[in-house]
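To keep things clear, I will list the structure first and then write my remarks on it.
Residue numbers (this note's numbering): 91 to 284.
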């Protein structure tokens with residue numbers, strides 16, 4: 091029976107508990123000897139949910155404004171990079187969980203909420219009918235990949251061929267619309283078909 095284990099980055103594979111990793115992970119040399127990466131099939135970053143009437147549409151609009159960050163190690167790193175790049179200084183309120191971010195926005199204590207991951211932001215925005223989920227991702231983009239044990243070419247190839255088949259028959263687009271709807275599709279490279 092497959093189990094889900096939450097991790098911040100790709101582990102060494104195989105491990106006692108993990109055979110396959112799916113999630114945000116940059117292709118870096120330090121991991122290349124430990125895992126094989128699939129094609130990047132999606133890129134994700136910070137999503138921004140604005141309070142109605144706040145006139146917040148992007149990170150650039152957050153200077154000197156109260157903003158909540160649903161804080162994880164990854165979301166904080168993305169936030170720091172995004173505000174540095176935009177050269178803005180929001181008034182940051184760190185939130186430990188989704189309920190806290192919803193309360194802050196609904197009580198007008200913040201003008202916007204930043205969340206790592208467009209799918210998570212869609213779920214959060216659905217809990218606040220008047221909230222505005224701004225389109226796209228804000229700040230740096232983390233590639234989503236599937237990592238398999240290093241030097242397991244048949245498994246890596248099977249994963250990549252499955253992604254190509256899903257791209258060709260439209261299943262990847264359907265999944266994208268279902269989970270990432272409203273966010274532009276990630277440009278997956280199309281391989282020549284033989």
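C-beta atoms are modelled at their ideal positions from N, C-alpha and C, and glycine is treated no differently. This structure is a prediction, so every number in the text was calculated from the model and none was measured.
Check	Outcome
Rounded straight-line distance, which links the Cα of residue 252 to that of residue 129	11 Å
Contact under 8 Å by Cβ, residue 134 with residue 114	yes
Cβ-based burial, residue 117 [other Cβ within 10 Å; buried from 16]	exposed
Residue 295 - partner residues in DSSP beta bridges	Residue 295 falls outside the range modelled here, since the chain spans only 91 to 284, and no answer is possible.
The stretch 164-171 contacting the stretch 198-210, beta-carbon criterion three pairs below 8 Å	yes
For residue 150, the nearest candidate out of 232, 244, 138 and 195 (CA to CA)	138
Stretch-stretch touch, CB-based, cutoff 8 Å, three pairs: the stretch 215-233 with the stretch 188-196	yes
Limits of the unbroken beta strand (DSSP E) element including residue 132	132-140
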